[in-house]
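Be aware that the sequence shown starts at 910, since it is given in the working numbering, and climbs by one per residue. Where is the CB? At the ideal position from N, CA and C, for every residue including glycine.
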Amino acid sequence: MERVMADCRRWPSEMNCSLTIIGDREEVVRAAAEHAASVHGHEDSPELREQVASFLEPEESYVPGTREQEPFPAA
Ligand SMILES: [Zn+2]
């Protein structure tokens, strides 16, 4: 199964979150949604999981260290 990445370094956040989650799609969506809820104060909802799923990148996109941030897309 193809592994994917959800990378908090990609987005601006108050705590400058450095977390990167890589795994199977289902695992990453779940972990990233739980992370967004517990750390970033979002409500864990089907909409949040949909949004998380739309931000997934291929595992190969991972680069170690820091990453240039992108503006968070408007909902
Ligand atoms: Zn984060």
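Measuring CB to CB, does ALA983 end up less than 8 Å from VAL961? As a working note, residue 983 is residue 74 in the sequence shown. As a working note, residue 961 is residue 52 in the sequence shown. Their beta carbons are not under 8 Å apart, which means ALA983 does not touch VAL961 by this criterion.
Please tell me whether ALA940 and LEU957 are closer than 8 Å, where the distance is taken between their beta carbons. Looking up residue 940 in the sequence shown gives position 31. Looking up residue 957 in the sequence shown gives position 48. Taking 8 Å as the Cβ cut-off, ALA940 and LEU957 do not qualify as a contacting pair.
Say the cut is 7 Å; is the CB of VAL948 nearer than that to a heavy atom of ligand 1? Here residue 948 is taken as the residue at index 39 of the sequence shown, counted from 1. The closest heavy atom of ligand 1 lies less than 7 Å from the beta carbon of VAL948.
Beta-carbon contacts of PHE981 that lie in its chain and below 7 Å, excluding the five residues immediately before and after: Walking along the sequence shown from the start, residue 981 turns up at place 72. Taken in chain order, the residues that qualify are TRP920, PRO921.
Taking MET914 and GLU968 to be in contact with their CB atoms under 8 Å, please state how far apart those CB atoms are, rounded to whole angstroms. In the sequence shown, counting from the first residue as 1, residue 914 sits at position 5. In the sequence shown, counting from the first residue as 1, residue 968 sits at position 59. Indeed they touch by this definition, with Cβ atoms about 6 Å apart.
By the 10 Å Cβ neighbour count, where 16 or more other Cβ atoms means buried, how is ALA938 classified, buried or exposed? Reading the sequence shown from its first residue, position 29 is the one you call residue 938. The identity of residue 938 in the sequence shown is Val, whereas the question assumes Ala. With a threshold of 16 other beta carbon atoms within 10 Å, VAL938 meets it and is buried.
Using a Cβ-Cβ distance cut-off of 8 Å, determine whether HIS944 contacts chain B. Given the protein chain composition of this structure (a single chain), no chain B is represented.
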